[in-house]
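Visitor:
Quick look at the structure:
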């Protein structure tokens, strides 16, 4: 399942909305983190005293058993979204808006990860749209090149199947998080 989470992270950081909301500016400029603030398994820093946002993308089990009649499989893709409240230059909280920031990030990535309508983004005959594919076609997640040449991780469909309540991050000084569970339909 590591291939799926890597493909999702590789695609995630290319999305225009994510570049401006999470990776843009000085937040994503740390050269040791090629993907800005999109991580696998855990965040290597505490967001405490920063007006920062981060996403952890990983796989965990299945949401339904593999199909016994073909090569379909149904892994779970987990997306934990973390956000610190808005702070001023002295690192004092000026707005307890972490939940709203998490909702904004989910709104931006939702059309790419909740793909139950196989005809999105248009009607039959529409041309290929990066990250979304063409109507009725299998989508591919991965790097820009893997998406372009259709060699990435094949996605038949993806749907949000559960999300947790907002929660405080321990020792996070106002940082909040919420987990999102996406059921993936794929094959090999």
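In the working numbering, the protein residues as written are 36 to 223.
Ideal Cβ placement from N, Cα and C applies to all residues, glycine included.
Quantities reported herein were computed from a predicted structural model and do not represent experimental measurements.
With a Cβ-Cβ cutoff of 8 Å, do residue 117 and residue 48 count as a contact?
Guide: No.
Visitor: Short of 7 Å in beta carbon distance, which residues of its chain neighbour residue 76, apart from the five on each side in sequence? Order them along the chain.
Guide: Excluding residues up to 5 positions away in sequence, 91, 93 lie with their Cβ nearer than 7 Å to the Cβ of residue 76 in the same chain.
Visitor: When we look at the beta-carbon of residue 142 and count the other beta-carbons within 10 Å, is it buried (16 or more) or exposed?
Guide: exposed
Visitor: Do three or more CB pairs link the region 128 to 146 to the region 180 to 192 at distances below 8 Å?
Guide: no
Visitor: Can you look up residue 139 in the DSSP assignment and give me helix, strand or coil?
Guide: Assigned with DSSP and collapsed to three states, residue 139 falls in helix.
Visitor: Is the distance from the Cβ of residue 39 to the Cβ of residue 147 below 8 Å?
Guide: no
Visitor: How about residue 190 and residue 216: are their beta carbons less than 8 Å apart?
Guide: no
Visitor: Compare the beta carbon distance of residue 88 and residue 56 with 8 Å and say whether it is the shorter of the two.
Guide: Yes, they are a contact pair.
Visitor: Beta-carbon within less than 7 Å of residue 53's beta-carbon, same chain only, minus the 5 sequence neighbours each way: which residues are those?
Guide: 47, 143, 144
Visitor: Which whole-angstrom value describes the C-beta separation of residue 126 and residue 111, a residue pair presumed to lie in contact below a C-beta threshold of 8 Å?
Guide: In fact, because the Cβ distance is near 36 Å, the residues do not count as touching under 8 Å.
Visitor: Output yes or no for whether 8 Å exceeds the beta carbon distance between residue 109 and residue 220.
Guide: yes
Visitor: Could you check what DSSP says for residue 119 in three-state terms: helix, strand or coil?
Guide: coil
Visitor: Distance, Cα to Cα, residue 102 vs residue 177?
Guide: Each residue's alpha carbon lies about 24 Å from the other.
Visitor: By a C-beta neighbour count over all protein chains shown, 10 Å radius and 16 as the cutoff for buried, is residue 131 buried or exposed?
Guide: exposed
Visitor: Measuring straight from C-alpha to C-alpha, what distance separates residue 6 and residue 115?
Guide: In the structure displayed, the chain extends from 36 to 223; residue 6 sits before or after that span and is not available.
Visitor: Residue 99: which of 205, 73, 193, 120 sits nearest, CA to CA?
Guide: 193
Visitor: Quick one: is residue 202 buried, meaning 16 or more other Cβ sit within 10 Å of its Cβ, or exposed?
Guide: Exposed, because fewer than 16 other Cβ atoms sit within 10 Å of the Cβ of residue 202.
Visitor: I'd like the list of long-range same chain contacts for residue 95, defined as Cβ closer than 6 Å, with 5 residues on each side in sequence excluded.
Guide: Excluding sequence positions up to five before and after residue 95, its CB lies within less than 6 Å of the CB of 111, 113, all in the same chain and listed in chain order.
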